[in-house]
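Residue numbers (the working numbering): 40 to 159. From the three backbone atoms N, C-alpha and C, an ideal C-beta is built for every residue, glycine too.
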(Lines of atoms letter the chains of each structure in order from A; the text may use other names.)
(Lines give C-alpha, C1' and ligand atoms only; values in the text may rest on other atoms or scores of the structure.)
Protein backbone atom coordinates (compact mmCIF):
# COMPACT_ATOMS: atom_id res chain seq x y z
CA UNK A 40 0.00 0.00 0.00
CA UNK A 41 1.18 3.47 -0.83
CA UNK A 42 0.41 6.75 0.84
CA UNK A 43 -0.40 10.34 0.10
CA UNK A 44 -3.10 12.93 0.66
CA UNK A 45 -6.79 13.21 -0.15
CA UNK A 46 -7.58 16.86 -0.94
CA UNK A 47 -11.24 17.94 -0.62
CA UNK A 48 -12.04 21.38 -2.01
CA UNK A 49 -15.27 22.81 -0.61
CA UNK A 50 -16.95 26.18 -0.06
CA UNK A 51 -15.11 26.64 3.24
CA UNK A 52 -11.72 25.99 1.65
CA UNK A 53 -9.52 22.97 1.17
CA UNK A 54 -9.06 20.02 3.55
CA UNK A 55 -6.12 17.60 3.26
CA UNK A 56 -6.44 14.14 4.80
CA UNK A 57 -3.81 11.39 5.16
CA UNK A 58 -4.52 8.73 2.55
CA UNK A 59 -3.54 5.08 2.20
CA UNK A 60 -3.72 3.85 -1.40
CA UNK A 61 -4.73 0.23 -2.03
CA UNK A 62 -4.21 -0.39 -5.74
CA UNK A 63 -3.20 -4.06 -5.79
CA UNK A 64 -5.79 -6.82 -5.68
CA UNK A 65 -4.45 -8.07 -2.35
CA UNK A 66 -4.46 -4.60 -0.72
CA UNK A 67 -8.01 -3.88 -1.98
CA UNK A 68 -9.23 -7.25 -0.70
CA UNK A 69 -7.82 -6.61 2.79
CA UNK A 70 -8.96 -2.98 2.94
CA UNK A 71 -9.88 -2.05 6.52
CA UNK A 72 -10.50 -5.63 7.69
CA UNK A 73 -9.14 -6.34 11.14
CA UNK A 74 -8.67 -2.70 12.11
CA UNK A 75 -10.23 -0.91 15.06
CA UNK A 76 -9.64 2.54 13.55
CA UNK A 77 -8.26 4.30 10.48
CA UNK A 78 -6.12 7.42 10.40
CA UNK A 79 -7.43 9.52 7.53
CA UNK A 80 -8.82 7.55 4.60
CA UNK A 81 -8.22 4.52 2.41
CA UNK A 82 -8.49 4.67 -1.39
CA UNK A 83 -9.48 1.47 -3.20
CA UNK A 84 -8.68 1.76 -6.90
CA UNK A 85 -10.06 0.47 -9.13
CA UNK A 86 -13.27 -0.36 -7.25
CA UNK A 87 -17.00 0.26 -7.57
CA UNK A 88 -18.39 -1.54 -4.50
CA UNK A 89 -17.40 -2.61 -0.99
CA UNK A 90 -18.57 -4.84 1.82
CA UNK A 91 -18.15 -4.56 5.57
CA UNK A 92 -18.17 -8.25 6.49
CA UNK A 93 -15.72 -8.93 9.37
CA UNK A 94 -15.24 -5.20 9.98
CA UNK A 95 -15.10 -3.96 13.55
CA UNK A 96 -16.46 -0.46 12.99
CA UNK A 97 -18.97 1.45 10.85
CA UNK A 98 -17.39 3.32 7.93
CA UNK A 99 -18.16 6.14 5.52
CA UNK A 100 -17.85 5.13 1.87
CA UNK A 101 -17.51 7.61 -1.01
CA UNK A 102 -17.90 6.39 -4.59
CA UNK A 103 -15.94 8.43 -7.16
CA UNK A 104 -16.21 8.53 -10.96
CA UNK A 105 -13.23 8.65 -13.34
CA UNK A 106 -12.97 12.46 -12.94
CA UNK A 107 -12.78 12.03 -9.12
CA UNK A 108 -16.22 13.54 -8.57
CA UNK A 109 -18.21 12.04 -5.68
CA UNK A 110 -21.19 10.04 -6.97
CA UNK A 111 -22.50 9.04 -3.53
CA UNK A 112 -21.51 8.89 0.13
CA UNK A 113 -22.91 6.20 2.43
CA UNK A 114 -22.33 5.14 6.03
CA UNK A 115 -22.16 1.35 6.31
CA UNK A 116 -22.47 -0.73 9.45
CA UNK A 117 -20.38 -3.91 9.86
CA UNK A 118 -21.74 -6.99 8.07
CA UNK A 119 -23.23 -5.19 5.05
CA UNK A 120 -22.84 -5.53 1.28
CA UNK A 121 -22.81 -2.28 -0.71
CA UNK A 122 -24.42 -2.27 -4.13
CA UNK A 123 -22.03 -1.72 -7.04
CA UNK A 124 -22.11 1.79 -8.55
CA UNK A 125 -21.91 1.49 -12.34
CA UNK A 126 -20.11 4.82 -12.89
CA UNK A 127 -17.76 4.44 -9.91
CA UNK A 128 -14.06 3.87 -10.58
CA UNK A 129 -12.68 4.49 -7.08
CA UNK A 130 -13.90 4.09 -3.50
CA UNK A 131 -12.71 6.04 -0.47
CA UNK A 132 -13.30 4.59 3.02
CA UNK A 133 -12.98 6.37 6.38
CA UNK A 134 -14.34 6.15 9.92
CA UNK A 135 -18.08 6.83 10.11
CA UNK A 136 -18.78 10.56 10.35
CA UNK A 137 -15.38 11.71 9.09
CA UNK A 138 -16.44 12.59 5.55
CA UNK A 139 -19.11 15.06 6.67
CA UNK A 140 -16.44 16.90 8.64
CA UNK A 141 -14.25 17.09 5.54
CA UNK A 142 -17.11 18.44 3.40
CA UNK A 143 -17.05 15.31 1.24
CA UNK A 144 -20.48 14.89 -0.34
CA UNK A 145 -22.11 14.19 -3.71
CA UNK A 146 -20.87 16.47 -6.49
CA UNK A 147 -17.59 17.45 -4.80
CA UNK A 148 -14.40 16.85 -6.79
CA UNK A 149 -11.37 15.54 -4.90
CA UNK A 150 -7.68 15.21 -5.68
CA UNK A 151 -5.19 12.51 -4.74
CA UNK A 152 -1.59 13.50 -4.09
CA UNK A 153 0.51 10.31 -4.01
CA UNK A 154 3.94 9.83 -2.51
CA UNK A 155 5.77 10.07 0.80
CA UNK A 156 6.61 13.75 0.27
CA UNK A 157 2.88 14.55 0.07
CA UNK A 158 2.25 13.11 3.52
CA UNK A 159 4.83 15.39 5.16
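Runs of the beta strand (DSSP E) spanning 3 or more residues and lying entirely within the stretch 73 to 145 occur at 80 to 83, 98 to 103, 109 to 115, 129 to 134, in chain order.
Counting every other CB atom within 10 Å of its CB across the protein chains shown gives residue 131 a total of 16 or more, marking it as buried. Looking only at 103, 121, 139, 110, the smallest Cα-Cα distance to residue 88 is reached by 121. Per DSSP, residue 50 is not a residue of any beta strand (DSSP E), being assigned neither H nor E. Ranked by Cα distance from residue 80, the options 147, 53, 125, 61 are led by 61. Remark: C-beta atoms of residue 94 and residue 75 do not approach each other more closely than 8 Å. Burial state of residue 136 is exposed, judged by a 10 Å Cβ sphere holding fewer than 16 other Cβ atoms.
Excluding residues up to 5 positions away in sequence, 54, 141, 142, 143, 149 lie with their Cβ nearer than 6 Å to the Cβ of residue 47 in the same chain.
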